[in-house]
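**Q** First the structure, then my questions, so here it is.
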Amino acid sequence: MMRTIEINLEAIAANYETLKKLTEAKVMAIVKADAFGHGMIEVSKKLESIGVDMLATADLEEAQNIRAAGIASPLLAWLHGEGADFESAIKNDIQIGFSSVAGLEQVAAAARKISSVAKLHLKVDTGLGRNGATLAEWPSVIGKAIELRNQGLVELVGVFSHLSGTSEKDDMVQLAEFETAVEAARKLGAEFEYRHLAASAATLNYKNTHLDMVRVGIALYGLDPNPETVAASFGLIPAMRVSAEVVSVKQVPAGHGVSYGYLHKTSEPTTLALVPFGYAEGLPRIATGKARVLLNGKRYLLSSRIAMDQFVLDVGNDKVSIGDEVVIFGDAKKGEPTAEELADASETINYEIVTRIGGRAKRVFK
Ligand SMILES: *Cc1c(COP(=O)(O)O)cnc(C)c1O
Numbered sequence: 001m002m003r004t005i006e007i008n009l010e011a012i013a014a015n016y017e018t019l020k021k022l023t024e025a026k027v028m029a030i031v032k033a034d035a036f037g038h039g040m041i042e043v044s045k046k047l048e049s050i051g052v053d054m055l056a057t058a059d060l061e062e063a064q065n066i067r068a069a070g071i072a073s074p075l076l077a078w079l080h081g082e083g084a085d086f087e088s089a090i091k092n093d094i095q096i097g098f099s100s101v102a103g104l105e106q107v108a109a110a111a112r113k114i115s116s117v118a119k120l121h122l123k124v125d126t127g128l129g130r131n132g133a134t135l136a137e138w139p140s141v142i143g144k145a146i147e148l149r150n151q152g153l154v155e156l157v158g159v160f161s162h163l164s165g166t167s168e169k170d171d172m173v174q175l176a177e178f179e180t181a182v183e184a185a186r187k188l189g190a191e192f193e194y195r196h197l198a199a200s201a202a203t204l205n206y207k208n209t210h211l212d213m214v215r216v217g218i219a220l221y222g223l224d225p226n227p228e229t230v231a232a233s234f235g236l237i238p239a240m241r242v243s244a245e246v247v248s249v250k251q252v253p254a255g256h257g258v259s260y261g262y263l264h265k266t267s268e269p270t271t272l273a274l275v276p277f278g279y280a281e282g283l284p285r286i287a288t289g290k291a292r293v294l295l296n297g298k299r300y301l302l303s304s305r306i307a308m309d310q311f312v313l314d315v316g317n318d319k320v321s322i323g324d325e326v327v328i329f330g331d332a333k334k335g336e337p338t339a340e341e342l343a344d345a346s347e348t349i350n351y352e353i354v355t356r357i358g359g360r361a362k363r364v365f366k
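Note that our numbering has the sequence shown beginning at 1, numbered continuously upward.
Structural data, given as structure tokens:
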């Protein structure tokens with residue numbers, strides 16, 4: 001294949017097991033955004049086959065797609081727009097994250113209509129400023145949740161919040177706020193099966209944030225949640241390997257331009273290798289002049305402008321043939337460039353790299 005995104009589902013399963021061993025809490029596997037670009041259905045099926053504690057997406061539509069694929073594991077979705085279809089969510093046993101009185105009323109109305117019970121996770125904002133009830137709104141949200149629970153319309157399954165990862169100190173302030181909010185809810189009469197706060201970084205770094213459940217995304221895919229937290233040092237394995245085949249090789253004289261804008265010109269007679277992987281495949285154009293790829297055991301700088309469909313490597317006198325594999329990123333343990341390195345070269349984070357990779361490149365699962 002001209003372009004390949006290899007997904008190692010065994011690595012994802014092994015990472016899940018590794019994360020399970022790191023904590024006494026339950027582990028929620030985050031498969032939003034097409035499992036961070038790794039293929040939501042395939043990843044969810046794999047995780048279900050090893051008995052995942054819970055799956056989660058952001059959108060209900062993603063969760064619906066998981067159910068439509070026949071996956072029955074516990075499943076949560078927490079990001080809803082106007083007109084979200086809570087009725088089908090409840091029918092399909094999708095747990096719903098919510099944080100406002102108005103939202104709870106909508107969910108309860110849907111439950112009433114189909115004579116069913118909605119499973120809720122209530123979110124409190126402990127500082128991040130995204131969704132979640134403010135501490136001021138919290139008592140009324142809890143009051144409403146208790147009222148609906150007593151009417152048999154909702155079940156209070158979880159209570160959660162999300163950390164900013166600004167610093168250990170900031171995260172610990174959020175943890176304390178969260179514990180205060182959970183205690184306030186308990187005093188008002190709301191008990192939850194699962195308190196969950198930690199995403200990958202806190203799961204790996206701060207045991208005291210694990211509570212009843214952790215929510216892991218990036219670590220499940222074997223990547224670093226931040227530059228200070230190296231996934232490989234916990235035994236986690238990168239699950240995505242991106243490569244392309246050289247499709248053209250030619251000799252050119254010194255002074256030959258290479259790709260748009262002639263950012264690179266050959267300094268001596270040399271060989272140019274054309275690789276069909278461009279910014280349409282999610283290779284950031286801004287990585288031009290900075291990222292390196294692996295070809296026949298050697299790293300080459302992307303010295304010429306990354307284009308929509310392709311980039312060109314100046315390989316000097318090295319012998320390169322059509323069909324040779326160019327690794328864009330993979331596993332550092334195998335000497336390959338990493339998603340983290342490409343992210344650094346692109347002024348972004350590995351999360352953005354793996355979620356954006358695609359275009360015409362097809363996933364192959366192993
Ligand atoms: C995306 C997300 C996660 C997963 O974060 P990672 O850093 O990838 O582990 C966890 N919780 C919430 C609320 C999220 O939005």
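Where is the CB? At the ideal position from N, CA and C, for every residue including glycine.
Please state if the CB of P276 and the CB of R3 are separated by a distance shorter than 8 Å.
**A** Yes, the Cβ-Cβ distance between R3 and P276 is below 8 Å.
**Q** Just the C-alpha distance for R299 and R215, rounded to the nearest angstrom, thanks.
**A** Whole-angstrom Cα-Cα distance: 36 Å.
**Q** Kindly confirm or deny that the segment 130–142 and the segment 197–215 touch, where touching means at least three C-beta pairs closer than 8 Å.
**A** Contact fails: fewer than three Cβ-Cβ distances are below 8 Å.
**Q** Skipping 5 residues on each side, what residues in its chain have a beta carbon closer than 7 Å to that of E325?
**A** Around E325: S243, E245.
**Q** Going by DSSP, name the residue or residues bridged to A133.
**A** Paired residues: V124.
**Q** What do you reckon, is the C-beta of S44 under 7 Å from a heavy atom of ligand 1?
**A** Flag unset: Cβ of S44 not near ligand 1.
**Q** Please find out if some non-hydrogen atom of ligand 1 comes closer than 7 Å to the beta-carbon of I353.
**A** No, the beta carbon of I353 sits no closer than 7 Å to any heavy atom of ligand 1.
**Q** Please confirm whether any heavy atom of ligand 1 lies closer than 7 Å to the CB of H162.
**A** Yes; taking the cut-off as 7 Å, the Cβ of H162 has a heavy atom of ligand 1 nearer than that.
**Q** When DSSP builds the beta bridges, which residues end up paired with I7?
**A** BP columns for I7 point to M240, F365.
**Q** Quick check on I322: buried or exposed, where buried means 16 or more other Cβ atoms within 10 Å of its Cβ?
**A** Its Cβ having fewer than 16 others within 10 Å, I322 is exposed.
**Q** For the putative contact between E336 and L294, defined by C-beta atoms under 8 Å, what is the C-beta separation to the nearest angstrom?
**A** At roughly 5 Å, the Cβ-Cβ gap stays under 8 Å, so E336 and L294 are in contact.
**Q** If you drop the 5 nearest sequence neighbours on each side, which residues of the same chain put their C-beta closer than 6 Å to that of Y194?
**A** G158, D212, M213.
**Q** For R305 and L313, I'd like the C-alpha separation in whole angstroms.
**A** If I take the Cα positions, the gap works out to 10 Å.
**Q** Return yes when the Cβ of S167 is within less than 8 Å of the Cβ of F178, no when it is not.
**A** For F178 and S167, no; Cβs fall outside 8 Å.
**Q** Got a sec, what are the start and stop residues for the alpha helix (DSSP H) M172 sits in?
**A** Here the alpha helix (DSSP H) through M172 covers 168–188.
**Q** One question on the structure: do D59 and L76 come within less than 8 Å of each other, judged by their Cβ atoms?
**A** Contact: no.
**Q** Beta-carbon separation of N8 and A219 under 8 Å?
**A** Not a contact, by the Cβ cut-off of 8 Å.
**Q** So what does DSSP say about R292, is it helix, strand or coil?
**A** R292: strand per DSSP, three-state reduction.
**Q** Where does E155 fall in DSSP's three states?
**A** Strand, per DSSP.
**Q** Do the segment 147–157 and the segment 99–110 make contact, defined as three or more Cβ pairs closer than 8 Å?
**A** As far as the Cβ criterion goes, the segment 147–157 touches the segment 99–110, which means the pair count is three or higher.
**Q** Between P74 and the rest of its own chain, which residues show a CB-CB distance below 6 Å, the 5 nearest in sequence each way excluded?
**A** These residues qualify, in order along the chain: M54.
**Q** Cα separation between E62 and M40?
**A** If you take the alpha carbons of E62 and M40, they lie about 8 Å apart.
**Q** Sorry if obvious, but does the Cβ on V216 come closer than 7 Å to a heavy atom of ligand 1?
**A** At least one heavy atom of ligand 1 is nearer than 7 Å to the Cβ of V216, so yes.
**Q** Measure the Cβ-Cβ separation of T18 and F365 and say whether it is below 8 Å.
**A** No, the pair does not count as a contact, with Cβ atoms beyond the cut-off.
**Q** Tell me the DSSP secondary structure of V43 in three-state form.
**A** Correct three-state label for V43: helix.
**Q** For T348, which three-state DSSP category applies?
**A** The answer is coil: DSSP assigns T348 none of H, G, I, E or B.
**Q** Please name the residue, chosen from T355, I146, V230, G70, that lies closest to P284 on a Cα-to-Cα basis.
**A** For P284, the nearest C-alpha among the options comes from T355.
**Q** When DSSP labels each residue in this structure, what does E336 get in the three-state scheme?
**A** Looking at E336 - three-state DSSP - the assignment turns out to be coil, as it is neither helix nor strand.
**Q** Would you kindly work out how many angstroms separate the C-alpha atoms of G371 and D171, rounded to a whole number?
**A** This structure gives no information on residue 371, because the portion of the chain shown stretches from 1 to 366.
**Q** Would G282 pass as a contact of G359 if the rule is Cβ separation under 8 Å?
**A** A contact, by the Cβ cut-off of 8 Å.
**Q** What are the partner residues of K21, as DSSP defines its beta bridges?
**A** Partner(s): none; K21 has no beta bridge.
**Q** Taking Cβ positions, are L236 and N350 nearer each other than 8 Å?
**A** It is not a contact, given that the beta carbons lie outside the stated cut-off.
**Q** Is I306 near ligand 1, in the sense that its beta carbon is under 7 Å from a heavy atom of that ligand?
**A** The answer is no for I306.
**Q** Mind reading off the beta-carbon distance from V252 to L272? Whole number of angstroms is fine, and I expect it under 8 Å.
**A** Yes, V252 and L272 are in contact; Cβ-Cβ is about 6 Å, under 8 Å.
**Q** May I ask whether a heavy atom of ligand 1 can be found less than 7 Å away from the beta carbon of A219?
**A** The answer is yes for A219.
**Q** Within the same chain, show all residues whose beta-carbon is closer than 6 Å to that of R241, passing over the 5 residues directly before and after it, in chain order.
**A** Excluding residues within five positions, the ones whose Cβ falls inside 6 Å are E6, G330.
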